[in-house]
Amino acid sequence: MTRFPPVWVGTRRQGGTPTAAIGSILAVVLLISGCSAGADAAPSGGSFDFVAPGGRTDIVYDPPETRGTIGELAGPDLMEEGKTTALADYDGKVVVINLWGQWCGPCRGEADDLEEVYEATRERGVQFLGINVRDPQKDKAQDFVVDNDVTYPSIYDPSMRTLIALGGNYPTSVIPSTLVLDRQHR
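In short: position in the sequence shown from 1, add 1006, done, that's my numbering.
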């Protein structure tokens, strides 16, 4: 008996395997191989280990007497046109500064938690101040605030110029970032 090569009919080969099935199998194989860890991956059991710029992994709390205050931090309010929001608006309060962007997955994940802590601590003299960065479309950042019920103010700073107040050594590539300033804004 003579065998003939398979004949293509539409999207299926007669006498062969359906091409849709081959495509599906190939997609699954690629997906699984893309999710596998490489030889240099270190399993961390579902935790995230922060490594600061320069490779530092320790957290250092400077004693209050050695901390300086940050510079003048102010910028246009994200939600209220024509208004300037400034750190100086919160003299005598502990201020939690959160750098965020609507494009940032971890920022989306922490929004509810930050709002919850803000609501729980604001009557004790704690003020939250967001700084929205790298969002060239203001309306998208505003939608993020509305959609996530964020009630504390944010400065709109797509160019990140307000961060000059934090000093030249602040790693501006680390978004989200949260800073806690004492009542003297140190």
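The beta-carbon is built from N, C-alpha and C at its ideal position, and this holds for glycine as well.
Spatially closest choice to residue i from the options, by CA coordinates
i     : options                    : result
M1166 : Q1148, V1139, D1155, D1188 : V1139
G1136 : R1189, E1116, G1173        : E1116
V1180 : L1187, L1169, Q1190, T1090 : L1169
V1156 : T1072, W1106, G1174        : W1106
W1109 : D1118, K1146, I1103, F1134 : K1146
E1086 : D1153, Q1148, P1142        : Q1148
E1096 : G1173, T1184, P1164, P1159 : What sits at residue 1096 in the sequence shown is Tyr, not Glu. If we check each option's Cα against that of Y1096, P1159 comes out closest.
P1164 : D1153, Q1143, G1174        : Q1143
Cβ separation of residue i and residue j, assumed to be a contact under 8 angstroms, to the nearest whole Å
i     : j     : result
T1075 : H1191 : 5 angstroms
P1177 : P1112 : About 15 angstroms; that fails the 8 angstroms criterion.
V1100 : V1132 : 5 angstroms
D1119 : N1154 : With a Cβ gap of about 11 angstroms, D1119 and N1154 do not count as contacting.
Beta-carbon gap between residue i and residue j smaller than 9 angstroms
i     : j     : result
V1151 : L1084 : yes
Y1162 : G1081 : yes
Cβ neighbours of residue i in the same chain (closer than 8 angstroms, five flanking residues each side left out)
i     : result
E1129 : none
E1078 : A1092, L1093, A1094, A1171
Min CB distance residue i to chain C below 9 angstroms
i     : result
G1136 : Protein chain content of the structure displayed is limited to a single chain, and chain C is not contained in it.
Contacting residues, own chain, Cβ-Cβ under 6 angstroms from residue i (five flanking each side not counted)
i     : result
F1134 : V1102, Y1124, Y1158
Which parts of the stretch 1153 to 1185 are runs of the beta strand (DSSP E), unbroken and 3 residues or longer, counting only runs that do not cross its ends? 1160 to 1163
Let me know the alpha helix (DSSP H) ranges lying completely inside the stretch 1081 to 1167, each 4 residues or longer, listed in chain order. 1111 to 1127, 1144 to 1153
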